[in-house]
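Okay, structure first, notes after.
There are 2 protein chains.
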Amino acid sequence: MQGVAMVVWRKMGKKGFSSTSRALKSFNGYGYQINKSPPLLALDIPDIWTLHSTTNHGPPPPPANNSNEQTAAIIDGKSIAEEIRSGITGEVSRMKDAIGKVPGLAVILVGQRRDSQTYVRNKIKACEEVGITSLMAKLPEDSTEDEVLNVVSCFNENPSVNGILVQLPLPQHMDEEKILNVVRLEKDVDGFHPLNMGNLAMRGREPLFVPCTPKGCIELLLRSGVEITGKKAVVIGRSNIVGLPTSLLLQRHHATVSIVHAFTKNPEQITREADIVVSAVGLPNIVRGNWLKPGAVVIDVGTNPVEDPSSEHGYRLTGDVCYNEAVRVASAITPVPGGVGPMTIAMLLSNTLDSAKRAYRFT
Amino acid sequence: MQGVAMVVWRKMGKKGFSSTSRALKSFNGYGYQINKSPPLLALDIPDIWTLHSTTNHGPPPPPANNSNEQTAAIIDGKSIAEEIRSGITGEVSRMKDAIGKVPGLAVILVGQRRDSQTYVRNKIKACEEVGITSLMAKLPEDSTEDEVLNVVSCFNENPSVNGILVQLPLPQHMDEEKILNVVRLEKDVDGFHPLNMGNLAMRGREPLFVPCTPKGCIELLLRSGVEITGKKAVVIGRSNIVGLPTSLLLQRHHATVSIVHAFTKNPEQITREADIVVSAVGLPNIVRGNWLKPGAVVIDVGTNPVEDPSSEHGYRLTGDVCYNEAVRVASAITPVPGGVGPMTIAMLLSNTLDSAKRAYRFT
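Those protein sequence lines, which keep their order, are chains A and B.
All residue numbers for the first sequence refer to the UniProt record's numbering, where the first residue is 1 and numbers rise by one.
All residue numbers for the second sequence refer to the UniProt record's numbering, where the first residue is 1 and numbers rise by one.
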């Protein structure tokens with residue numbers, strides 16, 4: 001899922017360039033009539049990170065403390081996710097026994113992207129393991145928008161489908177926003193609908209679903225006994241899928257949240273003040289050991305493929321955080337892989353279960 | 001409008017207590033089944049600010065620089081708002097000449113609150129001045145929810161109404177959320193609908209309306225030539241009406257935003273790092289001179305009535321910011337009154353004009 005987030009990020013980057021100049025004009029107070037409010041800046045302009053000497057392109061800085069020992073506890077997302085999934089298995093069979101129904105998740109995959117195929121395969125496998133029925137709609141790369149919309153509508157009408165997942169990214173010729181907006185709110189288990197996001201952000205409102213990866217990050221913190229309230233939290237990256245909802249969730253838990261993005265001057269300095277750091281940038285090792293306050297808790301959402309001839313597929317996954325440095329500074333950290341990744345799917349299952357319970361009024 | 005914000009804030013405080021204990025349970029990782037995600041914290045728990053010695057209850061600290069001179073430029077919201085309103089007047093008459101239509105704003109006032117009556121009177125007066133037609137529905141305090149909903153529905157159907165404004169707070173026996181949700185999105189000139197808020201928060205999305213007070217704050221910055229991109233901004237307070245949308249807007253303008261609230265430890269320390277400070281707490285003089293970085297730009301949204309026998313009504317309005325201290329530290333600051341206040345109404349007029357232009361496809 002994080003992989004998906006990154007793809008979306010890049011895609012938005014391409015899309016957004018045109019708006020940059022408009023944006024800059026309006027910063028300077030020009031370019032809009034006096035009676036008109038300044039043009040609202042489109043947040044789809046690209047977040048292009050300029051790599052500092054502190055990133056993996058420079059020589060490694062000395063560790064923030066003088067020991068070379070690992071001080072950080074490893075937050076084992078894999079085992080926490082398994083725990084959650086076994087709990088879901090229990091709930092699903094309890095539901096089946098009580099009302100003869102099980103939750104259903106429908107996945108829509110358009111095209112042949114290998115990464116998307118892998119993500120979808122993993123999600124369906126995870127559904128089977130916990131007893132959630134999964135439906136799969138595979139459409140060819142050259143399908144029309146209407147063909148996809150029709151599939152979504154079918155799943156919207158199908159009462160045995162409690163969650164609908166459109167695997168992103170969609171082919172370039174399709175309007176992602178248009179298609180996602182058709183997914184019925186009560187089945188938007190990804191929680192990407194703006195109404196969900198607004199309700200997540202606002203006091204006294206409750207979203208129907210919380211996006212899976214951010215929800216997984218918070219779960220990792222809570223289940224590791226990390227207190228969030230009153231703590232300084234820094235979220236690095238501001239994507240719709242991870243950065244934004246994670247910052248909203250952390251604030252809901254009463255952290256003092258700062259959002260660091262590509263326009264931030266001295267991101268390392270701001271990050272160094274945080275008790276909790278969540279990184280969702282999509283650049284390998286951008287967060288170095290000297291970006292972290294000793295004792296900070298680090299949640300690394302990045303899953304960046306980097307070449308590695310020694311590994312089976314010729315590449316391995318690396319996080320945003322320079323792990324070897326961070327473990328000497330942080331008090332706790334999620335590994336990549338095996339940290340946030342497994343939680344994302346567990347939260348998808350959890351959202352689908354919640355959705356089914358709502359639909360069947362089963363408690 | 002800020003006055004309204006504060007009332008809402010207090011109201012939410014009352015409402016929210018019950019959820020606090022639930023909340024605290026889940027911080028500690030208890031109180032939820034292993035298979036269930038932790039209960040989502042309701043953001044309607046009260047933000048009760050503990051007043052530090054640095055607030056107006058302690059002796060005034062020495063000014064951050066040793067001079068007693070005012071260094072800050074005064075951001076004259078009154079004259080900027082007038083400028084905007086005269087621009088709107090021009091647009092309204094251009095519209096009238098071109099298509100024979102003028103924008104229409106409908107205001108719904110329930111009950112006899114004196115402050116609400118004043119706000120509504122000012123809004124209607126402002127409409128008249130720029131040529132916007134205003135409709136007014138006054139309902140008695142003991143009206144039923146359905147009676148209010150009916151009035152909203154009428155205005156929803158009325159094509160000459162481009163904006164609908166429900167004056168808050170509503171009487172305690174009414175469900176504010178339910179009533180606000182009935183206002184048709186294309187007429188929600190207050191921009192309080194969660195879908196609007198979600199679209200304001202998300203990359204690549206555009207809200208139909210931006211809430212008036214936050215929009216006014218950004219306008220004051222832009223029209224004063226303050227660059228926002230890449231700057232550190234601190235928003236103090238996180239209400240749905242001011243704090244939240246202001247933080248989202250500042251981020252849209254590529255500031256690095258931190259949100260300070262009642263659970264924040266050392267708010268003064270975090271605020272002291274900001275290039276731009278927007279305060280919307282609702283406590284007189286809570287932000288002292290030593291909370292500010294020399295040269296910071298200060299937008300004071302607070303309008304707090306404090307007793308003043310010497311003044312006509314026995315009270316005067318004071319901001320959140322200790323003005324006499326701040327003017328010696330900041331590079332620019334909004335006065336109270338005469339800062340953000342006039343902008344809020346100007347932005348309401350601007351939103352109503354934009355709404356009419358959209359409805360009549362007039363550019």
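For glycine and all other residues, C-beta sits at the position ideal for the given N, C-alpha and C.
With respect to the C-alpha of Gln70/A, the residue from Ala326/A, Ala81/A, Ile108/A having the closest C-alpha is Ala326/A. Taking a beta-carbon distance threshold of 7 angstroms, Thr256/A counts as an interface residue toward chain B. Pairing Thr334/B with Ile286/B gives a Cβ-Cβ distance that is not under 7 angstroms.
Contact between Ser134/A and Ile124/A holds, since their C-beta atoms are separated by about 5 angstroms, short of 8 angstroms. Taking 7 angstroms as the threshold, the shortest C-beta distance from Ile259/B to chain A falls below it. Contact between the segment 105-114 of chain B and the segment 168-185 of chain B is present: three or more C-beta pairs spanning the two stretches fall below 8 angstroms. The CB of Ser239/B comes closer than 8 angstroms to the CB of Arg203 in chain A, given here in chain order. When Cβ pairs closer than 8 angstroms are counted between the two stretches, the segment 300-313 of chain B is seen to touch the segment 276-285 of chain B, the count reaching three or more. Taking 7 angstroms as the threshold, the shortest C-beta distance from Thr363/A to chain B does not fall below it.
Take the alpha-carbon of Asp188/A and the one of Thr363/A: they are about 20 angstroms apart. Contact with chain A is found for Met197/B, since one of that chain's Cβ atoms lies less than 7 angstroms from the residue's Cβ. About 6 angstroms separates the beta carbons of Glu219/A and Met343/A, which is inside the 8 angstroms limit, making them a contact pair.
The segment 222-233 of chain A makes no contact with the segment 228-248 of chain B, as fewer than three CB pairs between them are under 8 angstroms.
Residue state for Ala81/B is assigned as helix, using DSSP reduced to three classes.
By the rule that beta-carbons nearer than 7 angstroms mark a contact, Gly131/B does not touch chain A. The segment 309-327 of chain B makes no contact with the segment 94-104 of chain B; the number of CB pairs closer than 8 angstroms stays below 3. In the three-state reduction of the DSSP assignment, Arg316/B falls in the strand class.
Per DSSP, the beta bridge partners of Ala73/A are Ala332/A.
Assigned with DSSP and collapsed to three states, Ser239/A falls in coil, not helix or strand. Here the C-alpha atom of Met136/B lies approximately 49 angstroms from the C-alpha atom of Ala106/A. If you check the CB distance, Val166/B and Thr213/B do not come in under 7 angstroms. Neighbours of Ile270/B in chain A, taken as residues at a C-beta separation under 7 angstroms, are given in chain order as Thr256.
A distance below 7 angstroms between beta-carbons, with the five flanking residues on each side excluded, links Pro207/B to the following residues of its chain, in chain order: Gly191, Asn196, Asn199, Leu200. Taking 7 angstroms as the CB threshold, Gly163/B stays off the interface with chain A. Residue pairing by DSSP places Val226/B in no beta bridge whatsoever. Within the segment 94-113 of chain A, no residue has a Cβ lying closer than 9 angstroms to any Cβ of chain B. Every alpha helix (DSSP H) of 4 residues or more that sits fully in the segment 160-187 of chain A is shown, in chain order, as 176-182. In the DSSP assignment, Leu109/B is bridged to Lys138/B. Val151/A places its beta carbon 7 angstroms or farther from that of Ile179/A. For Thr256/B, the uninterrupted beta strand (DSSP E) segment begins and ends at 256-260.
Beta-bridge pairing by DSSP links Ile299/A to Val278/A. A straight line joining the alpha-carbon of Lys265/A with that of Ser258/B spans about 14 angstroms. Take the alpha-carbon of Val130/B and the one of Arg85/B: they are about 7 angstroms apart. When the five nearest sequence neighbours on each side are left out, the beta carbons in the same chain lying within less than 6 angstroms of the beta carbon of Ile80/A are those of Arg223, in order along the chain. Sorting Val340/A, Arg252/A, Ala262/A by C-alpha distance to the C-alpha of Ala262/B places Arg252/A at the top.
Pro305/B sits in a strand when the DSSP states are folded into three classes.
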